[in-house]
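Trainee:
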Amino acid sequence: MYLGIDLGTSSVKTLLTDEEQRIIGSASCPLTVQRPHEGWSEQNPQDWADAVMKTVDNLKQNHPKEISAVKGIGLSGHMHGMTLLDKNGQIIRPAVLWNDGRSAEECRELEARVPSFRKITGNCAMPGFTAPKTEWIRKYEPENFKRTAKILLPKDYIRFLLSGEFMSEMSDAAGTMWLDTAGRKWSAELLSATGLNENHMPGLTEGNQVSGYLSDELCRRWGIAEKPVIAGGGGDNAASACGLGAVNPGDAFVSLGTSGVIWTTTPAFNAAPESGIHTFCHAVPGTWHQMAVILSAMDGLNWFSELTGKTPEELTKGLAPADKGPSSVIFLPYLSGERTPHNNADARASLIGLARSHTQADIVRAVLEGIAFALKDCIRALEECGNKFDLLPLVGGGSRIPNFAEIIATILDIPVAVPEHGDYGAAFGAARLAMCAVNPRQQDRIMTKPKTGQVTDPVKSATMIEITDIQNYSVPERRQVFDSTVSETVSKIIRRVTEGGDRALKEITVEIDGISVEQLRVPQSALDKAFEALDYRTRTVFEQAADNIRTYHRRTALISWNFEHKGTRLGMKVTPIDRVGIYVPGGQAAYPSTVFMNIIPAQLAGVPEIAVFSPPGQNGLPNEYVMACCRMLNISEVYAAGGAQSVAAMAYGTEKIRPVYKICGPGNKYVAEAKKQVFGLVGIDSVAGPSEVTILHDDPDVRADIIAFDMMAQAEHDEDAKSVLITVNRETAEQVQQMLTARLPEMKRRKIIEASLMRHGKIIVCDRIEDGIELVNRTAPEHLEVLLKDEHKIDLIRNAGAIFIGKWSGVAIGDYYAGPNHTLPTERAAMYASPLSVADFQKKSSVIRYSEHLFKEHAESAAYFADKEKLFAHAQSLRQRLD
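Quick note on the UniProt record's numbering: the sequence shown kicks off at 1 and runs consecutively.
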């Protein structure tokens with residue numbers, strides 16, 4: 001028989017196992033943490049001792065025969081705890097725990113004092129580690145430091161009580177920051193740097209070797225016939241790894257206890273301190289591991305449990321599966337600071353996005369998702385060190401929460417599994433180490449992997465944008481898309497309007513939109529009413545936007561000019577188009593900004609007649625903001641008509657609608673096709689395709705949520721909108737990918753955004769930003785956001801409709817307020833076309849005024865040119881003037 005004792009932060013758990021590793025019995029006893037100040041975390045070591053005694057007493061009471069046959073005892077415990085003993089072995093003060101954050105300054109001082117600190121330990125100094133906490137004691141509690149004769153880790157204090165021996169083992173000792181981790185021995189240099197020497201340290205052994213024997217007194221107390229050995233044991237995570245059989249290189253798992261850990265076994269010392277990854281010795285000889293740690297895993301749920309007075313089981317009962325979508329609340333789980341990858345003891349938790357409508361269930365889900373996203377940070381750091389994860393076993397209390405495994409798998413994008421017969425935790429691993437100590441050279445037989453239970457795969461969201469390396473991305477061929485169905489439908493609509501006039505216009509609106517329109521032209525009274533209904537804030541914002549647009553567009557106007565050349569006056573006469581039609585979309589959203597962006601340039605051009613067409617709502621009138629903005633600009637000719645039928649009416653006219661000479665304004669594919677079909681009879685601004693944005697990024701100061709929301713802002717226009725991110729930073733790519741999924745449920749136009757991102761969203765990763773710029777030039781996006789460290793590289797950009805420079809210049813500010821036009825070339829038309837401007841509403845006429853003298857000098861040469869083209873009448877018209 002074997003005992004495995006695990007001293008956890010929240011409880012002591014003791015297992016009794018037999019030679020076949022079957023669990024005969026178990027007992028646990030809760031513990032509490034004292035937090036005398038913010039960021040501090042302490043426990044009384046005597047509480048540990050009492051809890052251990054209670055659990056073994058309980059097992060003796062329930063299994064006296066089996067307890068009497070115990071051959072070995074293994075120990076496990078939370079790491080880094082600083083337990084100070086005086087020369088008599090008495091406790092000097094409460095133990096300072098692994099999640100205590102008071103020693104951040106001492107960490108910095110220690111690394112400065114010992115330049116080789118990271119090389120020796122394999123880790124950066126973090127406040128939870130034992131050495132910097134001892135430095136804090138030396139600085140702020142000097143009397144306690146002077147009294148200190150031995151410094152023990154939590155499980156090693158239990159060993160001292162059980163056996164009278166001062167011993168530790170490699171996995172736990174590596175977390176003190178006094179161990180030469182590669183050499184598996186105490187470092188005299190590090191000890192000296194903190195005012196200590198090896199006499200302050202316990203002896204060292206390996207986790208599967210004998211460290212002592214149970215005392216006679218406790219053998220009598222528990223009725224054990226022969227003195228059992230006490231194995232070296234392991235730190236809690238090393239012991240868990242032994243319980244899972246994770247003793248070979250590449251073996252990995254996730255532990256969800258008070259803290260959260262992602263563990264991977266390594267064949268050699270492989271340090272990566274800059275990423276906040278711990279590199280420690282394993283509990284078995286000749287083996288190491290890398291470990292990424294979050295300080296508040298299930299402690300986050302425990303915190304909320306304490307606030308609500310409900311148990312974690314009550315809080316998580318009925319937790320929805322991952323495919324129901326994430327919580328709209330965001331939880332940052334830094335209740336005690338954070339380790340991997342931030343190494344920031346001052347980090348603090350927060351709940352973001354709370355609204356009156358949120359429920360307890362929303363917050364519980366946010367807490368669990370926050371834990372999972374913190375684990376994602378850990379996965380990323382470990383992967384950057386060359387580790388790969390195909391399947392991750394889950395252990396610890398969090399592994400038993402229904403649907404939590406699915407949330408973790410989805411956020412990590414890695415399948416996870418729970419052992420078939422339940423949680424094989426640190427206590428089980430400790431019992432295995434005891435078995436190895438009793439049975440040397442049988443480790444391979446003892447530390448086998450448990451059978452895998454249910455495997456949980458990531459839930460793949462339809463909205464998730466796949467990340468593509470630029471070398472694997474193919475730019476679609478340029479081709480004119482021809483949709484015969486759309487073309488035929490539009491042709492029929494145009495024919496009906498040309499033949500049926502106003503009546504056909506109304507009938508088609510009923511057939512397509514289900515809306516009956518009494519009169520096509522909007523009464524002036526309706527325009528006045530809409531304007532008067534504007535509140536002060538709305539009117540002020542609209543007026544300021546209009547003023548910004550007007551200020552910018554004044555500089556885009558063409559002006560007439562002429563010059564004299566050799567006695568001839570040549571020039572260009574600029575005049576406004578006499579009458580234009582402006583199309584303002586309706587449908588899935590209202591676009592009063594389109595009113596300003598099209599009408600203001602036309603007015604600045606001097607267009608005398610401007611007619612606005614916009615689809616009617618159920619009341620038979622266009623959107624109230626569209627009407628209000630028309631009234632604000634003194635436009636009185638407004639029609640409640642949309643779609644291809646309104647384009648036909650603008651081009652051909654009806655009984656009550658006079659035809660225009662140019663049609664401007666965006667619309668859906670039917671409007672675009674109609675403009676294409678009437679082009680030539682009238683002018684058009686462009687045949688606009690779906691809205692598109694490309695975000696070019698290499699600036700680490702731009703947050704992923706900003707990028708994600710800019711992509712969603714474009715996607716919400718319609719399901720065919722295109723949102724593309726090109727970045728040199730794969731981490732940013734992954735964060736944006738996650739953020740799009742996480743924040744999508746908050747969006748009112750979620751279904752449109754979801755469809756757009758699923759069909760046309762792209763995240764492209766490149767090695768050099770110059771490669772991204774070249775891709776931009778090949779795709780000529782409508783909107784281009786430039787989020788670059790070196791903004792001078794904008795000079796390399798040749799093809800884009802509008803360029804938004806820097807994180808403060810999001811597309812949306814240009815859509816509404818900045819001033820430049822938001823009617824832009826799409827579908828790579830920026831290769832040859834430009835934004836809408838005053839010039840689009842002006843016509844240019846060349847002006848030629850020849851003098852008699854110069855005409856006589858040039859006429860014969862011009863006539864000769866005409867002869868060569870065999871246009872004899874041209875030649876004669878010139879020569880006739882010379883007769």
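For every residue, glycine included, the Cβ atom is placed at its ideal position computed from N, Cα and C.
For Arg768, count the other beta carbons within 10 Å of its own beta carbon; 16 or more makes it buried, fewer makes it exposed. Which is it?
Mentor: Exposed, by the Cβ-count rule.
Trainee: Can you tell me the Cα-Cα spacing of Ser399 and Asp701, whole angstroms?
Mentor: Taking the straight line from one Cα to the other gives about 36 Å.
Trainee: Give the DSSP-derived three-state secondary structure of Tyr583 in the structure shown.
Mentor: Tyr583 falls in the strand class under three-state DSSP.
Trainee: Between which two residues does the beta strand (DSSP E) harbouring Gln618 extend?
Mentor: It is not in any beta strand (DSSP E) - Gln618 carries neither H nor E in the DSSP assignment.
Trainee: Please confirm whether Thr340 and Ala292 have their CB atoms less than 7 Å apart.
Mentor: Contact: yes.
Trainee: Which residue wins for smallest C-alpha separation from Val584, given the options Pro576, Ala95, Asn598, His853?
Mentor: Closest option to Val584, Cα to Cα, is Asn598.
Trainee: With a Cβ-Cβ cutoff of 7 Å, do Ile582 and Gly665 count as a contact?
Mentor: Going by C-beta atoms, Ile582 is nearer than 7 Å to Gly665.
Trainee: Who does His697 pair with in a DSSP beta bridge?
Mentor: According to DSSP, His697 bridges with Thr727, Leu787.
Trainee: Could you have a look at His282 and say whether DSSP puts it in helix, strand or coil?
Mentor: Three-state DSSP puts His282 in coil, outside helix and strand.
Trainee: Can you give the Cα-Cα distance for Val490 and Gly761, rounded to whole angstroms?
Mentor: Near 29 Å, if we compare the C-alpha coordinates of Gly761 and Val490.
Trainee: Asn729 to Gly772, Cα distance in whole Å?
Mentor: In a straight line, the C-alpha of Asn729 is about 12 Å away from that of Gly772.
Trainee: Can you give me the start and stop residues for the beta strand (DSSP E) that Ile24 sits inside?
Mentor: Note, Ile24: beta strand (DSSP E), 23 to 30.
Trainee: At what residues does the beta strand (DSSP E) containing Gln290 begin and finish?
Mentor: First-last of the beta strand (DSSP E) with Gln290: 288 to 294.
Trainee: Which class does Thr540 belong to by DSSP, given the choice of helix, strand or coil?
Mentor: Correct three-state label for Thr540: helix.
Trainee: Excluding five sequence neighbours on each side, which residues of the same chain lie with their C-beta closer than 8 Å to the C-beta of Trp561?
Mentor: Result list for Trp561: Gly571, Met572, in chain order.
Trainee: Just to confirm, are Val687 and Ala733 a CB contact at a threshold of 7 Å?
Mentor: Cβ atoms of Val687 and Ala733: not closer than 7 Å.
Trainee: Return the first residue and the last residue of the alpha helix (DSSP H) that Met758 is part of.
Mentor: Run containing Met758: 750 to 760, per the alpha helix (DSSP H) assignment.
Trainee: In or out: Ser845 buried (at least 16 other Cβ within 10 Å) or exposed?
Mentor: Exposed, because fewer than 16 other Cβ atoms sit within 10 Å of the Cβ of Ser845.
Trainee: Compute the distance between the beta-carbons of Thr194 and Glu141, then report whether it is under 7 Å.
Mentor: No, the pair does not count as a contact, with Cβ atoms beyond the cut-off.
Trainee: Could you check where the alpha helix (DSSP H) with Ile277 kicks off and where it finishes?
Mentor: From DSSP, Ile277 is part of no alpha helix (DSSP H); its letter is neither H nor E.
Trainee: Could you work out which residue in Arg108, Asn472, Ser474, His717 is closest to Ala345 when comparing CA atoms only?
Mentor: Here the closest residue by C-alpha is Arg108.
Trainee: Which value, in whole angstroms, describes the spacing of the CA atoms of Leu15 and Ala272?
Mentor: So the two alpha carbons sit approximately 35 Å from each other.
Trainee: If you measure between the beta carbons of Gly296 and Leu335, is that distance less than 7 Å?
Mentor: Correcting the residue identity first, residue 296 is Ser in this sequence and not Gly. Closer than 7 Å, so yes.
Trainee: Please report the residue range of the beta strand (DSSP E) in which Glu511 lies.
Mentor: It is not in any beta strand (DSSP E) - Glu511 instead sits in the alpha helix (DSSP H) that spans 484 to 513.
Trainee: So, helix, strand or coil for Thr205, using DSSP?
Mentor: Of the three classes helix, strand and coil, the one that applies to Thr205 here is strand, per DSSP.
Trainee: To the nearest angstrom, report how far apart Lys566 and Ser636 are at their CA atoms.
Mentor: If you take the alpha carbons of Lys566 and Ser636, they lie about 49 Å apart.
Trainee: At 4 residues or longer, and completely inside the region 764 to 842: list those alpha helix (DSSP H) runs for me, N to C.
Mentor: Counting only runs of 4 or more, we get 769 to 779, 811 to 816.
Trainee: Residues in the same chain with beta-carbon distance under 6 Å from residue 888, minus the five sequence neighbours each way, listed in chain order, please.
Mentor: Nothing in the structure corresponds to residue 888, since the chain is present only between 1 and 883.
Trainee: Please return the same chain residues whose Cβ sits closer than 8 Å to the Cβ of Ser593, not counting the five positions on each side in sequence.
Mentor: Answer for Ser593: Ala545, Asp815, Tyr816, His822, listed in chain order.
Trainee: Starting from Cys664, follow its DSSP beta bridges and name the residues at the other end.
Mentor: According to DSSP, which records beta bridges pairwise, Cys664 is partnered with Ile582.
Trainee: Work out the CA separation of Leu319 and Arg365 for me, nearest whole Å.
Mentor: Computed Cα separation, rounded: 7 Å.
Trainee: If you compare alpha carbons, which of Cys629, Ala611, Arg749, Leu633 is closest to Ala649?
Mentor: The residue with the shortest Cα to Cα distance from Ala649 is Ala611.
Trainee: With a threshold of 7 Å between beta carbons, is Lys751 in contact with chain D?
Mentor: Included in the structure is just one protein chain, with no chain D present.
Trainee: Quick check on this structure: which residue in Gly501, Glu564, Ile494 has the alpha carbon closest to the alpha carbon of Tyr850?
Mentor: If we check each option's Cα against that of Tyr850, Glu564 comes out closest.
Trainee: Ignoring anything shorter than 3 residues or poking outside the region 372 to 434, list the beta strand (DSSP E) runs there in chain order.
Mentor: 392 to 395, 416 to 419, all fully within the region 372 to 434.
Trainee: To which residues of the same chain is Arg798 closer than 8 Å at the C-beta, ignoring the five residues directly before and after it?
Mentor: Taken in chain order, the residues that qualify are Asn777.
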